[in-house]
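Participant:
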Amino acid sequence: MPSPAPQLPPWVPPKPTTESDLEWAPLTTLDLNQITGSDYTQVPQSVVSAVGEAFSRDGFIYAENHGLSWDQVLRQFAIAQYAFNGVSDADKARYKADILATGSFVGYKEQGHWKLNGVKDRIEQLNFGSQSFSLEKRRQLFPESLQPLLDEIEQFARFNHGVILRKILSVLSLVLKLPATYLWNLSKEPEKKGLDLLRYALYHTPDQSDDEKLGGVRLQGHTDFNSVSILWSQPITSLEVLMPDNQWRLVKHRDNALVINLGDAMHFISGGYLKQTIHRVVAPPADQAHYPRLGLFYFALFNDQVSLEPLVNESSVVKKAYQDKIERDGEGFWDNIKVKGEKVPTAGDWERLRVKAYGQQHAKKAEDGTVHDVEEIAGQKVLGYNGDRSKQI
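First residue of the sequence shown: 1, per UniProt numbering; consecutive thereafter.
(1) If we require 3 or more residues per run, which beta strand (DSSP E) segments fall completely within the UniProt domain "Non-haem dioxygenase N-terminal" (30-132)?
(2) Per DSSP, what kind of secondary structure is N185 in: helix, strand or coil?
(3) Please list the segments of the alpha helix (DSSP H) lying wholly inside the stretch 246-288, counting only runs of 4 or more residues, in order along the chain.
(4) Across which residues does DSSP place K381 in a beta bridge pair?
(5) Is it buried or exposed for N246, if we count other Cβ within 10 angstroms and need 16 for buried?
(6) So does the stretch 309-321 actually touch the stretch 264-275, counting three or more Cβ pairs closer than 8 Å?
(7) How is the beta strand (DSSP E) around W232 delimited, first residue to last?
(8) Taking the DSSP output, what are the residues bridged to Y200?
(9) By the three-class DSSP mapping on this structure, what secondary structure does H222 have?
(10) Quick check: the stretch 97-109 against the stretch 120-131, are at least 3 beta-carbon pairs closer than 8 Å?
(11) Take the Cβ of Q305 as the centre, count every other Cβ of all protein chains shown within 10 Å, and call the residue buried at 16 or more, exposed below.
(12) So what's W350 in DSSP terms, helix, strand or just coil?
(13) Between F299 and L274, what straight-line distance do the alpha-carbon atoms span, to the nearest angstrom?
(14) Go ahead and pull the three-state DSSP assignment for V238.
(15) For S307, which of helix, strand or coil comes out of DSSP?
(16) Using only CA atoms, which one of Y62, N303, I230 lies nearest to F297?
(17) Please tell me whether L27 and V47 are closer than 8 Å, where the distance is taken between their beta carbons.
(18) Sorted by chain position, which residues of the same chain lie with C-beta nearer than 7 Å to L149's C-beta, five sequence neighbours on each side aside?
(19) Could you tell me the boundaries of the alpha helix (DSSP H) in which residue 396 lies?
(20) From this set, D71, V175, P44, which residue's C-alpha is nearest S316's C-alpha?
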């Protein structure tokens with residue numbers, strides 16, 4: 001008989017902002033109940049069309065009816081809260097991720113690992129890799145105080161992957177006119193071949209002077225490194241998306257909803273057709289300023305050895321998009337490294353390269369007259385996006 005779940009202090013959601021003059025991002029909503037079948041491959045054409053348009057234009061959507069109750073989601077937030085407030089600083093240090101050496105976030109990330117304009121970040125994280133849940137890895141990677149919770153944490157991670165991600169990949173495969181299972185086949189068996197991350201994150205309030213130096217930006221504008229990112233919506237109004245009109249807009253909270261965006265890996269293999277979304281975290285409105293921001297995320301990746309070469313031979317949509325990209329830019333994604341005899345990165349290669357470089361102040365100001373920062377990784381210009389707040393603090 002399974003032992004009862006450990007009792008934890010409940011997570012009390014912050015009160016939503018009452019400010020009325022905020023600019024909200026107009027995002028498409030996906031009803032996950034519309035994706036059916038034993039393997040989640042039955043997708044109405046109306047869903048394929050709507051999601052395809054949203055992800056090629058905005059790169060961000062809402063998703064609802066994921067299959068978990070609000071109480072189940074609150075339990076995960078309670079576990080996340082305990083992972084930061086109930087674990088000693090000594091244990092956090094003992095189980096700290098060796099990010100620069102390994103290119104992996106698995107374990108605790110301390111505040112201050114990243115810097116923006118000389119200001120250290122105020123973000124704590126605890127990351128669980130998709131291969132972190134064997135008995136050996138559990139003991140190796142996580143403190144004793146979390147051991148009784150790891151079954152629950154693993155179940156939640158597998159649900160994100162096996163249900164939510166699988167449904168989204170079915171839709172995206174059909175958007176690219178591939179068989180519905182195509183992208184799933186590049187992502188399945190995460191416990192053996194995957195690099196997915198379940199992340200708990202706690203955003204502490206910075207010192208006022210640091211906040212002022214960065215104009216209220218608490219995580220610089222960036223694209224995610226992976227294929228699909230799943231954010232479990234919470235009430236703190238801090239997530240901004242750079243929309244197609246080049247304006248930053250806030251993402252509005254919805255109870256028990258998901259916010260889904262695509263990352264670099266999906267952008268690459270789709271030949272640029274599917275958009276890797278630029279987003280950032282900013283200071284919340286004044287009536288939420290006293291709350292810490294607790295976040296719950298699932299970052300899905302293609303399996304470690306999946307090449308990020310665009311699928312031009314498999315998809316007519318990708319072929320057309322990539323041809324358009326080459327005509328527009330004068331080069332393909334990986335031309336710079338191919339001429340040197342280097343191989344196209346795999347999903348795992350790209351993840352490790354970006355994880356090691358992120359927030360280490362290697363970037364320089366762009367030379368195109370913009371306010372952005374730029375660094376080169378595997379022949380790609382990777383930008384750190386700056387720009388005015390949608391609403392000044």
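We put the beta carbon where it would ideally sit given N, CA and C, even for glycine.
These numbers were taken from a predicted model, which means no experiment stands behind them.
Facilitator: In terms of the structure at hand:
(1) 60-64, 107-109, 123-129
(2) Within the sequence shown, numbered from 1, the residue matching residue 185 stands at position 185. N185 falls in the helix class under three-state DSSP.
(3) 264-269
(4) To locate residue 381, count along the sequence shown from 1; it is residue 381. BP columns for K381 point to E376.
(5) Position 246 of the sequence shown, counting from 1, holds the residue named residue 246. By the 10 Å Cβ count, N246 comes out exposed.
(6) yes
(7) Taking the first residue of the sequence shown as 1, we reach residue 232 at position 232. Unbroken beta strand (DSSP E) run through W232: 228-232.
(8) Locating residue 200 in the sequence shown gives position 200, where the first residue counts as 1. DSSP output for Y200 lists L126, L296 as bridge partner(s).
(9) One-based indexing of the sequence shown puts residue 222 at position 222. Three-state result, H222: strand.
(10) yes
(11) Position 305 of the sequence shown, counting from 1, holds the residue named residue 305. Within a 10 Å sphere around the beta-carbon of Q305 sit fewer than 16 other beta-carbons, which makes this residue exposed.
(12) Working through the sequence shown from its first residue, we reach residue 350 at position 350. The answer is helix: DSSP assigns W350 an H, G or I state.
(13) Working through the sequence shown from its first residue, we reach residue 299 at position 299. Working through the sequence shown from its first residue, we reach residue 274 at position 274. Approximately 17 Å between the Cα atoms of the pair.
(14) The residue given as residue 238 occupies position 238 in the sequence shown. Strictly speaking, residue 238 in this sequence is Ser, with Val absent from that position. Here DSSP, grouped into helix, strand and coil, assigns S238 to coil.
(15) Along the sequence shown, one-based indexing puts residue 307 at 307. Looking at S307 - three-state DSSP - the assignment turns out to be strand.
(16) Taking the sequence shown and counting its residues from 1, the one referred to as residue 297 is at position 297. Of Y62, N303, I230, the residue nearest in Cα terms is I230.
(17) In the sequence shown, counting from the first residue as 1, residue 27 sits at position 27. In the sequence shown, counting from the first residue as 1, residue 47 sits at position 47. It is not a contact, given that the beta carbons lie outside the stated cut-off.
(18) Here residue 149 corresponds to residue number 149 of the sequence shown, with the count starting at 1. For L149, where only same-chain residues beyond five positions count, the Cβ hits under 7 Å are P6, I79.
(19) Examination of residue 396 is not possible in this model, given that the chain is present from 1 through 393 alone.
(20) Position 316 of the sequence shown, counted from the start, is the residue given in the question as residue 316. Cα-wise, what sits closest to S316 is V175.
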